[in-house]
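So the sequence shown is numbered by UniProt numbering: it starts at 317 and just counts up by one.
By construction, the Cβ of each residue, glycine as well, lies at the ideal position given by its N, Cα and C atoms.
I have placed the structure first, in the form of structure tokens, so that the comments after it can refer back to it.
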Amino acid sequence: AKQQGGNAYRFYSSDLNERSLQFLGLQSDLHKALERREFRLFYQPKIDTRTRRIVGAEALIRWEHAERGFVGPDEFIPMAEETGLIEPIGAWVLEEACRNIRAWQASGLAIPRISVNVSSRQFGAPGFYEAVHRIIADSGVEPSHITFEVTESVLMENAAESTALLNRFKAMGLHLSMDDFGTGYSSLSYLRRFPLDELKIDKSFLAEIDADHAPADPGKGTLIGGIIALGHSLGLTIVAEGVETERQHAFLQQHRCDQCQGYLFSRPLPAAAFQRLLEC
Ligand code: C2E
Ligand code: CA
Ligand code: CA
Ligand code: CA
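Here it is, written out as structure tokens:
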């Protein structure tokens with residue numbers, strides 16, 4: 317057992333080493349990724365729970381690394397936040413989304429509202445409002461075509477400042493969504509004070525509606541039902557993310573969740589593939 321323990325330790329520490337080397341390698345590559353044009357913006361449809369029609373889409377960044385292939389945002393967004401690279405990357409995301417919206421409009425398509433993720437360092441950065449205002453104004457896109465998704469924890473970090481900034485974005489015409497709802501803590505009074513349009517129930521809640529429980533089961537999933545009712549009483553559109561099964565969809569429909577997003581309907585798609593969906 318002792319021998320095994322030693323091996324396990326060696327394995328563990330060399331694994332750690334490898335990981336930090338990997339981290340360093342990725343970090344220096346991340347600096348070059350923008351100028352090398354290695355980022356891609358994918359779009360995942362948001363659908364109306366009842367009609368299953370596309371009513372929106374979330375823009376999700378992908379990094380197409382020359383040697384490693386696609387690197388997911390969970391891997392490099394935290395790194396970008398740490399190094400401050402999130403600011404130019406975030407600007408690229410908004411510019412690219414605006415470019416895509418303009419191109420789709422130019423080809424005569426009716427564009428659903430596009431959601432863009434804003435992470436904590438971006439939201440707190442000085443000059444963020446001005447940068448957003450400039451990018452959107454330069455693009456010619458109507459601000460009402462865009463939703464900002466900001467997580468609960470970001471907003472609660474500094475609730476007073478967040479409220480002021482959200483009010484400015486709201487006045488500009490943007491729609492505002494609280495992302496990953498239920499994973500942090502937010503008091504009811506703040507939910508009312510933030511000028512939100514939408515609440516996204518975190519996908520971890522969806523696991524509650526599992527295969528062992530009928531959609532009508534009053535035990536499991538009541539938390540989701542409660543969140544939907546609460547959100548509606550505040551006049552918010554409720555979106556469930558991570559919807560993977562028909563059972564989950566049926567449950568959400570029964571509880572009057574407004575919109576769903578998840579692999580059941582579509583994976584995130586490259587812009588061209590998303591455009592083809594809009595064309596049907
Ligand atoms: P998020 O904002 O919570 O995005 C939802 C994540 O759930 C996405 O992961 C999406 O691909 C994934 N997803 C969608 N449907 C399903 C499903 O049915 N099942 C499961 N298990 N997952 C599903 P993704 O694209 O890997 O993004 C991860 C996170 O990275 C995002 O979480 C967001 O926090 C961040 N992120 C992505 N794009 C951007 C961006 O452009 N800017 C910033 N600041 N953050 C971004
Ligand atoms: Ca999101
Ligand atoms: Ca989310
Ligand atoms: Ca998330």
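Start-to-end residues for the alpha helix (DSSP H) that takes in residue i
i	result
GLY551	Taken as a continuous stretch (DSSP letters only), GLY551 belongs to no alpha helix (DSSP H), as it is neither H nor E.
ARG592	587-595
Start and end residues, beta strand (DSSP E) containing residue i
i	result
LEU357	355-364
PHE567	Segment 562-570 is the alpha helix (DSSP H) holding PHE567; no beta strand (DSSP E) there.
VAL387	385-387
CYS576	575-577
ARG378	370-381
LEU515	514-517
Whole-number beta carbon distance between residue j and residue i, since they are thought to touch under 8 Å
i	j	result
PHE521	LEU539	6 Å
PRO459	ILE452	6 Å
PRO428	SER582	So it is not a contact: roughly 13 Å between Cβ atoms.
ARG572	ILE525	With a Cβ gap of about 15 Å, ARG572 and ILE525 do not count as contacting.
ALA413	ILE430	5 Å
PHE497	GLU468	6 Å
residue 612	TRP379	Missing from the structure shown is residue 612; the chain here goes from 317 to 596 and no further.
residue 269	SER436	Outside the shown range of the chain (317 to 596) lies residue 269, about which nothing can therefore be said.
ILE462	LEU515	Not really, about 18 Å apart at Cβ, beyond 8 Å.
Residue burial classification, residue i (beta-carbon count within 10 angstroms, cutoff 16)
i	result
ALA426	exposed
GLY372	buried
ASN474	exposed
TYR501	exposed
GLY578	buried
ARG326	Below a pLDDT of 50, predicted positions are generally treated as unreliable, and ARG326, at 46, falls in that range; no measurement from the model is reported.
ALA375	buried
ASP454	exposed
Hey, which residues come within less than 5 Å of ligand 2, measuring from Cβ to any heavy atom, in chain order? Output, sorted by chain position: ASN433, GLU465 and ASP495.
Inside the stretch 394-455 only - alpha helix (DSSP H) runs reaching at least 4 residues: Whole alpha helix (DSSP H) segments, 4+ residues: 402-422, 436-440 and 444-455.
Going residue by residue through the stretch 452-511, where are the continuous alpha helix (DSSP H) segments of at least 4 residues, counting only ones entirely within it? Counting only runs of 4 or more, we get 468-473, 475-488 and 504-509.
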